[in-house]
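According to numbering that gives the first Met the number 0, the stretch in the sequence shown is residues 0 to 434, in order.
Yeah, the Cβ is synthetic: ideal placement off N, Cα and C, and Gly gets one too.
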Amino acid sequence: MDKDKTVIIKKVAVAVITLLLIAYIVSVIIKANFTQIETQSANVMTVSDSISVKGYFIRDEYYLTNEQDGYVSYRIDDGGKVSKGQVVADVYSDSTVASDKKVIEKLEAQIAALKKLEENSKENISASPDEIDLNINSYLSQINYSTYNGNLFEADENVENILYSINERQIITGKTQKFDDKINELQAKIDKLKKGGSNYKGSQIKSSISGYFVSYTDGYEGVYGTKDLENIKYGDLSNKKIKPKTVGDNVIGKTIDGVYWYVACEVSAEDALRIKTAYRLSVEIPTVNNTNIDVDVYSINQESQTSNAVVILRGNYMNSEMSRIRTDDISVVINTYEGIYVPKNAVHEKQVTETVEDGNGKEKTQTKTVDGVYVLIGNELQFKQIVEEYAGDDFIISKKSPDDKELATDEYGVLKVYDDVVVEGANLYDGKIVN
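Written out as structure tokens, the structure reads:
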């Protein structure tokens, strides 16, 4: 091979290598600027900082007994309020008599309501049809709420209120003035039931105190009461130390004394301090139809500040489930945070330099580290700051409206709700154009 050919081959080789190198550099640049990215809309989320514990519920509870044979028919829902001397249950010869008696009482209530309406002329009823319709809708909502919370007696009362309102509407719209036929029909049903022996009144069971009625007993009544709250020590709540008592066959329920109930929880020294210093506390109880129930700290039983403790919390929310609960795995909510949800993999750090005044009024520069995310606006990336409100294992809750003093710099904007946050992508930087 002559010298000229060798030179030509070298020149061609250099040219090819140069072209390949240029092509590689161009591909890197294109890839850097047009890499596919994935975004996620910034949405508001509420999270709770809570402690998971075993809760033991304590109340002052007194048995209600029945000394006669027969069928017990309750007048009050579990968790319903009762006053001293109030009838909570009736005892009948059998369940049929009890059932018929309840029907008679409902029929008599309907007759009384119809007679009351007849006494009022059309002119004496001040409500308009629209107002009555609003009342009916309100009663329907109350029925749904009462049913959801297990207050069936309360729901039944609102059914009667709806029937009354419908009849009232018929009067003021002129569709009827008399209910004689309906009253006679209801009275005939009552007479038929009474002929069958359902007028037997039976005996009554009354509450000896004011409080809440519960038909359920578990044998733990009286094991711990309010007098014991400050003396319960760590370890006392174990199953080995708390044993149920035998409940007599004549017990038909109980009355809970007082407005408050208490829940005892065994916690570490660290968690005891968190509970003690919390601004506001609530509990989440899985078996109760309520998301968060407000409570306060009644007592923290602890030998020393570094030892495990028994925390006694106090609340007054009551419904059917709440009245029956004895133990449950609950969450003590220390605080609740609301802000913008940000996955941790979307968070980036940025070094920024800003000019500030020192104590003598002289300007100086300082470097700060800013946490933030890249947001896609149109086809351009923009870095926005975040201010951490709460950090989970794989996410951060950023403040929706941070104060100026909480921002590391005013060079960049702040993350807002519904911003398109970049959660996946390479070589991200402020001002980058993406396809």
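| Asked | Found |
| --- | --- |
| Boundaries (first-last residue) of the beta strand (DSSP E) holding S436 | Shown here, the chain extends from 0 to 434; a query on residue 436 therefore has no answer. |
| Cβ contact (3+ pairs, closer than 8 Å) linking the region 88 to 100 and the region 275 to 294 | no |
| C-beta atoms of I57 and Y316 nearer than 8 Å | no |
| When D429, Y336 and V250 are compared against G391, the one with the closest alpha-carbon | Y336 |
| Touching by the beta-carbon criterion (3+ pairs, under 8 Å), the region 288 to 300 and the region 270 to 279 | yes |
| Cβ-Cβ distance between I376 and V341 below 8 Å | no |
| Residues sharing a beta bridge with E356, DSSP | E362 |
| Start-end ranges of the beta strand (DSSP E) lying completely within the region 271 to 329, minimum 3 residues | 280 to 283, 292 to 301 and 308 to 314 |
| V262 beta carbon less than 8 Å from that of Y55 | yes |
| Three-state secondary structure (DSSP) of D179 | helix |
| The region 201 to 214 in contact with the region 247 to 261 per 3-pair CB rule at 8 Å | yes |
| Alpha carbon of I333 to alpha carbon of V43, nearest angstrom | 20 Å |
| When S98, S47 and Y61 are compared against K83, the one with the closest alpha-carbon | Y61 |
| Q381, DSSP secondary structure in three states | strand |
| N318 to F394 span [Cα, whole Å] | 36 Å |
| For Q350 and A41, the rounded distance between their alpha carbons | 24 Å |
| Cβ-Cβ distance between G218 and T245 below 8 Å | yes |
| Extent of the continuous beta strand (DSSP E) run through A425 | Neither: A425 is in no beta strand (DSSP E) and is coded neither H nor E. |
| Nearest-angstrom Cβ-Cβ length linking L106 and V87, presumed shorter than 8 Å | About 23 Å; that fails the 8 Å criterion. |
| Distance, I189 Cα to D179 Cα | 15 Å |
| Beta-carbon proximity of Y211 to G314, cut-off 8 Å | no |
| Cβ neighbour criterion (16 or more within 10 Å) applied to V102 | exposed |
| Cβ neighbour criterion (16 or more within 10 Å) applied to G338 | buried |
| Where V102 falls: helix, strand or coil (DSSP) | helix |
| Separation of I396 from L139, as counted between CA atoms | 39 Å |
| C-beta atoms of V310 and V266 nearer than 8 Å | yes |
| Check: E66 C-beta below 7 Å from any heavy atom of the ligand COA | Of ligands this structure carries none, so the ligand COA is not represented either. |
| Reduced DSSP secondary structure (H/G/I, E/B, other) of D370 | strand |
| Sequence-distant residues of its chain with Cβ nearer than 7 Å to P401 (five each side left out) | V386 and V413 |
| Residue environment, K226, which counts as buried when at least 16 other CB atoms sit within 10 Å | exposed |
| Element boundaries [beta strand (DSSP E), containing Y73] | Y70 to Y73 |
| Which of helix, strand or coil DSSP assigns to Q350 | strand |
| I329 versus V282 - alpha carbon distance | 7 Å |
| Three-way DSSP call (helix, strand, coil) for E388 in this model | strand |
| Backbone CA spacing between K399 and T45 [nearest angstrom] | 12 Å |
| Residues sharing a beta bridge with L375, DSSP | L380 |
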